[in-house]
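Protein chains in written order, with this note's numbering: chain V, 212 to 344; chain W, 212 to 344. Yeah, the Cβ is synthetic: ideal placement off N, Cα and C, and Gly gets one too. What follows is a set of notes on a single structure, which appears directly below.
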DNA sequence: ATCAACCATAGACTATACTCTAATGTTGTG
DNA sequence: CACAACATTAGAGTATAGTCTATGGTTGAT
């Protein structure tokens, strides 16, 4: 009997419920992300009795990346571009690097915006403390 | 004749079209923000022939703040809380400082998420450059 | 006085990102 | 072998944040 784990690229194989528990993202939302093309489960061809999707550890990483990205204002579409530039074969090497560089620039911009906001909120605090508002 | 500008807190008085041009935000969106309670124009009581709203320079600052905040993932509701904590009288001093501190913590969190994303995208670039994807 | 360029309100419409329900099938433990 | 706890798809419903249209009034330059 051959150990299947030597034959698959999957370190770990889980169904959607386990993936949901490990990431804190609901199964509904995970399915929504899958329909949106951000992640991808695999059906086991050798099992004919069901059509369950299996997910690996990379999917957990992707979902954590998606959570971070959404939290700082990236859209599903933008997140999809990043993931595709990393994982997908539909782009050339050059295109991938262009997309990733573009997103790095967005990140720098967001970082500046956060610093500006922080400065302003500290000023607001100062205004409140000194009864200027 | 008394100069009205000595009697008002307004440095500059403009109508919605000028405000739109100065901020790059459409008049529709500005009105939407006004309905949402983020900004507030003032009608000139002495003018009976129209009901035009007038905006001051602080409104420009607020709109720029809103743009930054939206860009890094804050919702209208959260932005409203910040602006109210700064400008509004409906909170006590203590409540205002609590809200502002809470938002500073959100900003720190977002900054961490951005740094994490940056690290990952740099890794993605490395993967692409070394044909690991 | 005319007319383009503005102003206002109300409400319909759209896109995004979920979130939930219904209907139905599968698995595994007592 | 029952049945709780899982799985699937399709599609409806919701919240958020605009975006647009219609209708009607005002302003200011010619």
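In the pairwise beta carbon analysis, the region 331-343 of chain V is classified as touching the region 288-299 of chain W: at least three pairs are separated by under 8 Å. For the pair residue 228/W and residue 277/V, the Cα-to-Cα distance works out to about 38 Å. For a cut-off of 8 Å, the C-beta gap from residue 265/V to residue 252/V is around 6 Å, short enough to register as a contact. For residue 339/V, the nearest beta carbon of chain W is closer than 8 Å to its own beta carbon. Using a 10 angstroms sphere on the CB of residue 324/W, the tally of other CB atoms reaches 16 or more, which defines it as buried. Neighbourhood of residue 331/W in chain V, by CB distance below 7 Å: 276, in chain order.
The residue from 255/W, 246/W, 270/W and 261/W with its alpha-carbon nearest to that of residue 232/W is 270/W. Within the model, the alpha-carbon separation for residue 337/W versus residue 307/V is close to 11 Å. Residue 276/V carries a helical assignment under DSSP once its states are collapsed to helix, strand and coil.
Of all residues in the region 278-290 of chain V, the ones placed with a Cβ closer than 9 Å to any Cβ belonging to chain W are 278, 279, 280, 281, 282, 283, 284 and 285, in chain order. Straight-line measurement puts the Cα of residue 262/V at about 40 Å from the Cα of residue 282/W. Across the region 301-317 of chain V, CB contacts with chain W closer than 7 Å involve 304, 307, 308, 311, 314 and 315, in sequence order along the chain.
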